[in-house]
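full-length UniProt numbering puts the last residue of the sequence shown at 66; the count rises by one with no breaks.
Built from N, CA and C at the ideal position, the CB exists for glycine as well.
Step one of this worksheet: look at the structure below.
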Amino acid sequence: MKKKTFWLLAIGYSLLTFLLHNVLDTFLGEILMQISYFGLLYVVVWFIYSIISFGIKQFIYNRKHK
């Protein structure tokens with residue numbers, strides 16, 4: 001996917017979620033907000049996993065090369 005397409009979809013999704021959830025207060029807006037929360041949770045868990053994984057790899061590498 002091209003960078004321009006990704007950002008266009010991300011901005012469109014954000015705008016649609018904002019309008020449906022905050023302005024119109026619809027059920028579909030609530031669903032879109034829940035999807036956004038799950039996406040945020042996924043990114044946070046992935047980031048923590050990446051940091052821990054990198055730390056373990058560095059620990060093993062440093063232990064082998066002493």
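> Can you tell me whether DSSP reads residue 65 as helix, strand or coil?
Replying inline: Correct three-state label for residue 65: coil.
> Helix, strand or coil: how does DSSP classify residue 3 here?
Replying inline: Look at residue 3 here: in three-state DSSP terms it is helix.
> Whose CA, out of 22, 39, 25, lies closest to the CA of residue 10?
Replying inline: Nearest to residue 10 by C-alpha distance, out of 22, 39, 25, is 39.
>> For residue 36 and residue 57, what's the separation of their Cα atoms in angstroms?
In response: Taking the CA atoms as reference points, residue 36 sits about 31 Å from residue 57.
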